[in-house]
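Participant: Just dropping this structure here.
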Amino acid sequence: MSKLAVNISMIFTEVPLIERFALAHAHGFSHIEIQFPYELSIEDIQAQLELYNLHICLINVPAGDLMHGGNGLAGIPGREVEFHQALTQAIEYATALNVPSVNILAGKQPLDADLLPCLNTLSDNLKLASHMLSEYKIQPVFEMINGTDMPRFLVQNIAQAQEMLEAVQHGALKMQFDCYHMAMMGEDVLAALKENIEWIGHIQFADCPGRHEPDTAQIDFAEIFKWLQDSSYHGYIAAEYKPQSHSNQSFAWKDKYFTNNLSI
C-alpha cells in the first residue's frame with residue numbers, strides 16, 4: 029500500500045517551518061517531506077517528530093545556490109567538493125531522522141559551460157550519491173524539473189532521466205516523479221507512470237498549470253490516484269503544491285481521493 033505525505037516546505041508556509049509539523053499532524057498526516065531541513069537542527073526536528081508522531085519520508089541534498097537563481101551543485105563541473113560536502117550533510121540528517129529517501133537536484137547548465145561536461149559531472153555525482161546513500165540503506169532519487177520554471181535544468185523529462193539511469197548504472201538510483209513537472213513538459217502523466225513505475229522511487233503531485241492542489245487545473249488525478257492505488261507501487265505519494273489560497277483550505281482532494289484507500 030502506498031503512503032500519502034505532505035510537503036511542509038511548500039504547504040503551511042503561512043507559519044515558520046518549526047510550526048508546520050503541528051499543522052501536518054492536525055490535518056491527519058503522519059508522513060512529511062522537507063525539501064531543505066537544514067535551517068533547523070536535527071534535535072529540534074526530532075522533538076517535533078516525536079511530539080506529533082510524524083515521519084519524514086524525503087529530504088533533498090543541499091543544492092547550493094540553485095533555489096536562489098544559481099546553477100546548483102550536482103551537475104556543475106568544478107563544484108564536486110561542495111557537492112560531496114552537501115551529500116555528507118544530507119546523510120547526517122537522513123540517518124539521524126530515519127529518512128528513507130534522499131533527492132539529488134541536478135542543477136542547471138551554466139551559460140558558459142557545454143552540456144556534455146555537465147552531464148558527465150552529474151553522472152559521476154549520482155554514482156557517488158548512490159553508493160554512499162546505499163551504504164546507509166537510503167534510497168537515492170533524482171528529479172526531473174520542467175524547463176519553463178527552471179530554464180537549463182539538466183534533467184527535464186522522462187527520456188533524459190532514462191538516459192541518466194543508464195549512464196549511472198547503479199541499481200539503487202531511481203527517478204523522483206513529479207506529476208506537475210511532467211505535465212509542464214507535455215508528458216502524458218498517467219502513461220509515463222505506467223511505463224516507468226519500476227524505475228520510480230518517489231512520487232509528488234500538484235495540478236497543472238498553476239502548481240496548486242488537485243482539481244484546480246487540468247490533470248485527471250482521479251484516474252492517476254486510482255491507478256497508483258491498484259499498482260505495484262508501494263512508495264510515497266506526496267502533496268507538493270502551492271495552495272491556491274490558504275493551506276488549511278487546500279485539502280478537499282485528501283478526503284475525495286484517499287479516505288480508506290491509502291496509508292496516511
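Numbering-wise (our numbering), the sequence shown opens with residue 29 and increments by one.
For every residue, glycine included, the Cβ atom is placed at its ideal position computed from N, Cα and C.
All values derive from a computational prediction rather than experimental measurement.
Flag this pair as yes or no: are the beta carbons of H11 and Y264 separated by less than 8 Å?
Facilitator: Here the chain has residues from 29 to 292 only, and residue 11 is not among them.
Participant: With DSSP run on the structure shown, which of helix, strand or coil describes N224?
Facilitator: helix
Participant: Can you look up Y264 in the DSSP assignment and give me helix, strand or coil?
Facilitator: strand
Participant: Terminal residues of the continuous beta strand (DSSP E) containing I62?
Facilitator: Segment 59-62, the beta strand (DSSP E) holding I62.
Participant: As a quick exercise: from N276, D235, A234, I228, pick the residue whose alpha carbon is nearest that of S259.
Facilitator: I228
Participant: Pick from H274, N276, Q232, Y269: whose alpha carbon is nearest that of L256?
Facilitator: Q232
Participant: Can you give me the C-alpha to C-alpha distance between R48 and V34, rounded to a whole angstrom?
Facilitator: About 10 Å.
Participant: If you reduce the DSSP assignment to three classes, tell me which class I73 lands in.
Facilitator: helix
Participant: In the DSSP assignment, find the unbroken alpha helix (DSSP H) run with K282 in it and report its ends.
Facilitator: 280-286
Participant: Would you tell me roughly how many angstroms separate the C-alpha atoms of G98 and G175, rounded to the nearest one?
Facilitator: Rounded to whole angstroms, G98 to G175 spans 14 Å at the Cα level.
Participant: If the criterion is Cβ atoms closer than 8 Å, does the pair S158 and L201 meet it?
Facilitator: yes
Participant: Which same chain residues, not among the five before or five after R351, have their C-beta less than 6 Å away from its C-beta?
Facilitator: The displayed coordinates of the chain run from 29 to 292. Any statement about residue 351 would go beyond what the structure contains.
Participant: What does K155 pair with, by DSSP beta-bridge criteria?
Facilitator: For K155, which the question treats as bridged, DSSP gives no partner whatsoever.
Participant: Tell me the rounded alpha-carbon separation between L79 and L101.
Facilitator: 34 Å
Participant: Report the three-state DSSP secondary structure of L201 (helix, strand or coil).
Facilitator: coil
Participant: With a threshold of 8 Å on Cβ separation, who are the neighbours of P90 within its own chain once the five nearest residues in sequence on each side are excluded?
Facilitator: F64, Y66, L101, A114, Q117, A118
Participant: One question on the structure: do I104 and I84 come within less than 8 Å of each other, judged by their Cβ atoms?
Facilitator: It is not a contact, given that the beta carbons lie outside the stated cut-off.
Participant: Of all the options N88, V127, R107, A75, which has the alpha carbon lying nearest to the alpha carbon of N153?
Facilitator: R107
Participant: Helix, strand or coil for A91, going by three-state DSSP, please let me know.
Facilitator: Of the three classes helix, strand and coil, the one that applies to A91 here is coil, per DSSP.
Participant: If you draw a straight line from the C-alpha of T244 to the C-alpha of V109, how long is it?
Facilitator: 42 Å
Participant: By the 10 Å Cβ neighbour count, where 16 or more other Cβ atoms means buried, how is L182 classified, buried or exposed?
Facilitator: buried
Participant: Leaving out five residues before and five after Q279 in sequence, what residues of the same chain have Cβ atoms less than 8 Å from its Cβ?
Facilitator: Before going on, a small fix: residue 279 reads as Phe here, not Gln. Once the five neighbours on either side are set aside, the close Cβ partners of F279 are H55, E241.
Participant: Check for me: the beta strand (DSSP E) holding E171 runs from which residue to which?
Facilitator: 167-171
Participant: Measuring CA to CA, which of F253, F249, Y269 is closest to K31?
Facilitator: F253
Participant: Hey, could you find the ends of the alpha helix (DSSP H) K254 is sitting in?
Facilitator: 249-258
Participant: Determine the extent of the beta strand (DSSP E) in which I104 is found, giving its start and end residues.
Facilitator: Element bounds for I104: n/a, residue is neither H nor E.
Participant: According to DSSP, simplified to helix, strand and coil, what is I119?
Facilitator: helix
Participant: Identify whether I292 lies in helix, strand or coil by the three-state DSSP scheme.
Facilitator: Confidence is the limiting factor: at I292 the pLDDT is only 48, short of 50, which leaves the residue's position unreliable, though a coordinate-based value still follows. Coil.
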